[in-house]
Amino acid sequence: MFYSNVINKIYDNPAILNAIKIFSIIILFAAFILSYLSFSLWDYDFWWHIATGRHIVETGSLPDNDPFSYTSILEENKNPFPEWENFILKQYWLSQIIFYLIYDNTGPAGIIILRALLLTMTLIMVLWRLQRWHVSFPVSFIFIFILFSTTLITTGERPVLITILFTAVVLFLLEDFKDSKTRRIFLLAPLMLLWSNMHGGFVIGAGIIIVYMLGEGINIFLKRSAHTKKEMFLFYGAAALAIVASSVNPTGWDALFIAINIPFKYQAIHQGVQEYVSPFDFYKHKLYPLIYEYVFLVFLFPIALVLRRKKMETNHMMLLSVFIIASISASRFIIYYMIVGTMILGRETDILISGLLRKRFSNLSYKGIMIGLTIASLISASFYFAGNIYGFKYPNFRIASGYSIPEKAVDFIDKNKLSGNMFNDYAYGGYIAWRLYPYHKTFIDTRALNISVRLEYEWISNAVEKIDSLDNTISTTQRPLWEMLLTHYDINYIVLSLTDRFSQVPPLIFTLAESDDWVPVYSDRMSVIFVKNTEQNKDIIKKNQIPKERIYNMIIYRSAGHALDNKINPRSLISVGETFYKMGRLEDSLKAYKYALDRMPGDAAIKERIRQIESELKYNFTGKN
70 MFYSNVINKI
80 YDNPAILNAI
90 KIFSIIILFA
100 AFILSYLSFS
110 LWDYDFWWHI
120 ATGRHIVETG
130 SLPDNDPFSY
140 TSILEENKNP
150 FPEWENFILK
160 QYWLSQIIFY
170 LIYDNTGPAG
180 IIILRALLLT
190 MTLIMVLWRL
200 QRWHVSFPVS
210 FIFIFILFST
220 TLITTGERPV
230 LITILFTAVV
240 LFLLEDFKDS
250 KTRRIFLLAP
260 LMLLWSNMHG
270 GFVIGAGIII
280 VYMLGEGINI
290 FLKRSAHTKK
300 EMFLFYGAAA
310 LAIVASSVNP
320 TGWDALFIAI
330 NIPFKYQAIH
340 QGVQEYVSPF
350 DFYKHKLYPL
360 IYEYVFLVFL
370 FPIALVLRRK
380 KMETNHMMLL
390 SVFIIASISA
400 SRFIIYYMIV
410 GTMILGRETD
420 ILISGLLRKR
430 FSNLSYKGIM
440 IGLTIASLIS
450 ASFYFAGNIY
460 GFKYPNFRIA
470 SGYSIPEKAV
480 DFIDKNKLSG
490 NMFNDYAYGG
500 YIAWRLYPYH
510 KTFIDTRALN
520 ISVRLEYEWI
530 SNAVEKIDSL
540 DNTISTTQRP
550 LWEMLLTHYD
560 INYIVLSLTD
570 RFSQVPPLIF
580 TLAESDDWVP
590 VYSDRMSVIF
600 VKNTEQNKDI
610 IKKNQIPKER
620 IYNMIIYRSA
630 GHALDNKINP
640 RSLISVGETF
650 YKMGRLEDSL
660 KAYKYALDRM
670 PGDAAIKERI
680 RQIESELKYN
690 FTGKN
């Protein structure tokens with residue numbers, strides 16, 4: 070009797086349960102914010118965004134061509150996709166200005182705080198929607214934590230953060246109209262107008278709106294609509310106005326057309342771009358582990374669809390279907406499926422669980438379970454917050470120098486006044502543009518504006534000697550293709566990352582290290598710089614030349630660190646093995662390759678390399694005896 074009275078008193082008293090919920094949310098979101106603030110400023114793309122923002126502010130106009138690269142503006146590299154170039158140069162203009170002004174006035178701290186705010190607001194919008202649907206707090210708690218875990222992989226400081234937040238806001242406004250029929254639906258138009266001038270991802274918002282329009286149309290056709298004719302008039306009017314408003318930007322509908330054509334016309338541009346690779350391909354090729362929160366929601370959708378049968382709303386089914394297909398096709402869409410999924414599937418899961426519990430337990434037991442789970446949420450939030458506090462010394466308001474940003478290498482270029490054309494790492498281009506423009510121009514950056522330049526970059530960085538498809542003059546020459554291209558562009562110095570984004574050493578590094586025509590003058594745990602061995606560079610060489618062994622040691626240090634961080638990717642161990650091989654340390658090389666084989670059993674290339682090294686070791690041993 071006492072138990073039942075206590076349970077009923079707590080459950081039927083909104084003040085007590087709400088106090089527990091609010092306290093849990095405060096603690097949980099405090100932990101979320103601490104997590105977001107603990108990441109230093111690391112995104113490669115951030116730098117060309119603020120470099121462009123600075124250019125717009127200083128010139129008072131949007132760029133008509135690439136101001137940062139000397140290769141893209143050459144007539145020989147005429148862009149076959151001018152609409153793509155126009156889109157990349159102009160679509161982000163407003164967010165680029167905002168990001169630049171914040172960084173210019175506050176440094177990394179302002180951007181890192183902005184990142185934390187945008188991601189936290191996204192979580193708030195989703196949680197708010199779940200609570201408006203009266204989803205039980207324990208279920209809301211779990212799903213919001215799932216979404217948070219996924220946002221940790223999207224902590225890059227880019228305008229895409231705007232798209233992440235606005236995706237949640239658009240969903241909220243659409244569902245808000247369905248529930249309350251308010252005129253807040255007309256906020257869609259100014260939202261889409263703002264969005265379309267900040268990030269090309271506004272097409273996601275337009276797509277969501279269109280899905281809801283189609284869904285409501287189907288409901289009207291099937292006579293299942295819960296809205297009056299007046300309400301439908303308001304909805305379709307607001308939706309159409311929002312779609313039209315989204316076209317008021319410097320590139321108009323280019324973003325939509327490009328999005329539609331990406332699998333066909335722009336496929337070459339996105340080859341090798343990480344964001345356009347399926348997350349399951351990443352896992353299949355042992356590049357990155359699966360995001361288990363994402364996999365959970367992928368499998369939860371068909372389960373919910375079967376269990377809920379015809380009760381799931383039409384537009385919800387359509388929306389989940391579109392985003393799950395998109396996310397499986399390209400990893401860049403994972404976060405949007407997670408936003409949609411945590412919101413809709415959170416609701417569906419709560420309906421299923423609540424129904425199951427009410428069937429299997431008495432009303433009193435059900436109340437006791439929900440109270441227990443709510444208190445458990447508070448305890449879990451408290452433990453998670455305590456863990457964050459324990460590991461959190463101070464906000465990481467710094468640039469990720471030595472991790473992803475080549476700050477010291479660029480310092481060296483600036484301090485030593487390196488001159489002439491550079492060949493730079495693909496990922497470094499944005500930061501170099503920010504730091505050294507207009508005194509130095511880059512070869513390439515992550516915008517990938519020009520497909521011909523991108524191909525030439527790959528040929529050079531991979532030290533390609535010959536391409537059969539090229540004309541006879543080039544394919545039959547005695548000089549390697551990479552060397553010819555460096556000569557063609559009159560490259561005087563080269564700045565490279567010791568390993569690429571997949572933990573592989575660019576072959577060009579080994580080639581240059583063994584060449585008499587290029588001299589290493591700088592190396593740290595992240596980057597290496599070579600200068601051409603000419604009279605022009607003799608003073609720099611005399612003052613700064615370093616032995617190639619130092620470069621190799623740095624590669625081993627970096628690759629070994631990657632191997633520890635990513636325990637499924639064998640490429641870091643392959644890099645260690647190949648570097649030891651270049652150093653003549655065959656036994657160490659063999660060990661590294663065998664460790665790599667443990668991560669990718671059956672790989673023919675690794676097996677063949679092991680066989681070659683074992684043969685050399687056997688030959689050396691036999692020869693000595």
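Per our numbering, the very first residue in the sequence shown carries number 70; after that it's consecutive. Idealized CB from N, CA, C, for every residue including glycine. Here the structure is a predicted model, which means the values were calculated and not measured.
Cutoff 6 Å; reference residue i; Cβ partners in own chain excluding five residues on either side
| i | result |
| --- | --- |
| GLY284 | THR383, ASN384, MET387 |
| ALA307 | ILE254, PHE255, LEU257 |
| ASN87 | none |
| VAL272 | ALA324, LEU325, ALA328 |
| LEU158 | PRO132 |
| ASP514 | TRP117, GLY498, GLY499 |
| ALA395 | PHE402 |
Burial state of residue i, where buried means 16 or more other Cβ atoms lie within 10 Å
| i | result |
| --- | --- |
| PRO475 | buried |
| PRO575 | buried |
| GLY424 | exposed |
| LYS291 | According to the sequence provided, residue 291 is Leu. The question's Lys does not apply to it. Per the 10 Å Cβ criterion, exposed. |
| ARG523 | buried |
| VAL367 | buried |
| ARG198 | buried |
| LYS617 | buried |
| GLY653 | exposed |
| GLN165 | buried |
| PRO348 | buried |
| THR603 | exposed |
| LYS380 | exposed |
| HIS557 | exposed |
| SER596 | buried |
| ALA100 | buried |
| LEU433 | exposed |
| LYS90 | buried |
| ASN638 | buried |
| ALA84 | exposed |
| THR418 | buried |
| ARG668 | buried |
| GLU677 | exposed |
Residues near residue i by beta carbon distance below 8 Å, same chain, minus five either side
| i | result |
| --- | --- |
| PRO207 | MET439, LEU442, THR443, ALA445, SER446 |
| ASP593 | GLY471, LYS477, ALA478, MET623 |
| PHE98 | THR189, LEU192, ILE193 |
| MET301 | GLU285, ILE289, SER294 |
Proximity of residue i and residue j at Cβ, strictly below 8 Å
| i | j | result |
| --- | --- | --- |
| ARG627 | THR568 | yes |
| LEU183 | ILE171 | yes |
| PRO177 | PHE365 | no |
| LYS510 | SER209 | no |
| ILE338 | TRP153 | yes |
| VAL204 | TYR169 | no |
| TYR621 | LEU642 | no |
| ALA399 | TYR345 | yes |
| TYR679 | LEU655 | In the sequence on display, residue 679 carries Ile and not Tyr. Contact: no. |
| ILE312 | ILE278 | yes |
| GLY274 | PHE246 | no |
| TYR506 | ALA120 | yes |
| MET412 | TYR363 | no |
| LEU577 | ALA532 | yes |
| THR140 | PHE512 | yes |
| VAL645 | ILE675 | no |
Contacting residues, own chain, Cβ-Cβ under 7 Å from residue i (five flanking each side not counted)
| i | result |
| --- | --- |
| PHE481 | TYR591, ILE598 |
| LEU414 | LEU366, LEU369, PHE370, ALA373 |
Could you tell me whether the stretch 490-499 touches the stretch 564-576, using the rule of 3 or more Cβ pairs below 8 Å? Judged by Cβ distances under 8 Å, the stretch 490-499 makes contact with the stretch 564-576, as three or more pairs qualify.
Between the stretch 92-111 and the stretch 214-230, can you find at least three pairs of beta-carbon atoms closer than 8 Å? Because the criterion of three Cβ pairs below 8 Å is met, the stretch 214-230 and the stretch 92-111 touch.
Could you give the uninterrupted runs of the alpha helix (DSSP H) lying entirely in the stretch 581-606, keeping only those of 4 residues or more? Fully enclosed alpha helix (DSSP H) runs of 4 or longer: not present.
Could you give the uninterrupted runs of the alpha helix (DSSP H) lying entirely in the stretch 398-432, keeping only those of 4 residues or more? Listed in chain order, the alpha helix (DSSP H) runs fully inside the stretch 398-432 are 403-429, counting runs of at least 4 residues.
Touch check for the stretch 369-379 and the stretch 314-321: three-plus C-beta pairs under 8 Å? Segments in contact, no.
Take every Cβ of the stretch 148-167, pair it with every Cβ of the stretch 514-528, and state whether three or more of those distances are shorter than 8 Å. By the C-beta criterion, the stretch 148-167 is judged to be in contact with the stretch 514-528, since at least 3 inter-stretch pairs fall below 8 Å.
Curious, which full-length alpha helix (DSSP H) runs of at least 4 residues does the stretch 462-540 contain? You should have 476-484, 498-505, 520-530.
Quick check: the stretch 233-241 against the stretch 261-279, are at least 3 beta-carbon pairs closer than 8 Å? Here the stretch 261-279 lies against the stretch 233-241, with 3 or more beta-carbon pairs under 8 Å apart.
Please give the ranges of any alpha helix (DSSP H) in the stretch 283-324, keeping only runs that are unbroken, at least 4 residues long and fully inside the region. Within the stretch 283-324, the complete alpha helix (DSSP H) segments of 4 residues or longer fall at 298-314, listed in chain order.
Which residue spans inside the stretch 623-658 form an unbroken alpha helix (DSSP H) run of at least 4? Qualifying alpha helix (DSSP H) stretches, in chain order: 640-651.
Mind listing, in chain order, the continuous alpha helix (DSSP H) runs of no fewer than 4 residues lying wholly within the stretch 149-176? The stretch 149-176 contains, as complete alpha helix (DSSP H) runs of 4+ residues, the segments 151-159, 162-175 (chain order).
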